[in-house]
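A quick write-up on the structure given underneath.
In the numbering used here, the protein residues as written are 162 to 296.
Below, the structure written as structure tokens:
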């Protein structure tokens, strides 16, 4: 990778944008999308860190697994692994009807408390990553 810091910053900017979309979705009571964008922000935040450490390509979509990899390099991520595992479920179930039991539709299953919790987790992951990358 030509410039790991630059690539990392690009991924962090997208993570921050996704986090803002999660917050807007919460305000609009679109709780399933709030959870999805928060999950996406988390993935991109941790991928930003891994790129900062020299990884060229990260083809993992589990926030929990990404955090495990990151914690091998920096123990600060270890405390977030369980939270990351909790938000992994939003990757598919927040968007696809065949990812939830019939006759439910994803947007009907999500509630405000779940969206708020998921956004808080994403904020914690983003802030830690940003702090480490910018130090």
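We put the CB at the ideal spot given by N, CA and C, even for glycine.
Could you check where the alpha helix (DSSP H) with residue i kicks off and where it finishes?
i: residue 297; result: With the chain covering only 162 through 296, there is no way to say anything about residue 297.
i: residue 267; result: 267-270
i: residue 211; result: 192-213
i: residue 186; result: 165-188
i: residue 241; result: From DSSP, residue 241 is part of no alpha helix (DSSP H); its letter is neither H nor E.
i: residue 285; result: 273-294
Taking buried to mean at least 16 other C-beta atoms within 10 Å of its own C-beta, is residue i buried or exposed?
i: residue 218; result: exposed
i: residue 248; result: buried
i: residue 265; result: exposed
i: residue 262; result: exposed
i: residue 208; result: buried
i: residue 260; result: exposed
i: residue 296; result: exposed
i: residue 272; result: exposed
i: residue 233; result: exposed
i: residue 179; result: buried
Measuring alpha carbon to alpha carbon, tell me which of the options ends up nearest residue i.
i: residue 235; options: 292, 264, 274; result: 292
i: residue 229; options: 222, 251, 242; result: 242
i: residue 286; options: 197, 245, 163, 195; result: 245
i: residue 269; options: 191, 165, 178; result: 191
i: residue 239; options: 178, 181, 289; result: 289
i: residue 168; options: 260, 267, 206; result: 206
i: residue 197; options: 215, 274, 252; result: 252
i: residue 276; options: 215, 193, 267; result: 193
i: residue 226; options: 163, 182, 165, 204; result: 204
Evaluate contact between the stretch 171-188 and the stretch 272-284, counting only Cβ atoms and requiring at least three cross-stretch pairs below 8 Å.
yes
Can you confirm whether the stretch 254-264 touches the stretch 168-183 when touching is taken to mean that 3 or more C-beta pairs between the two stretches lie within less than 8 Å?
no
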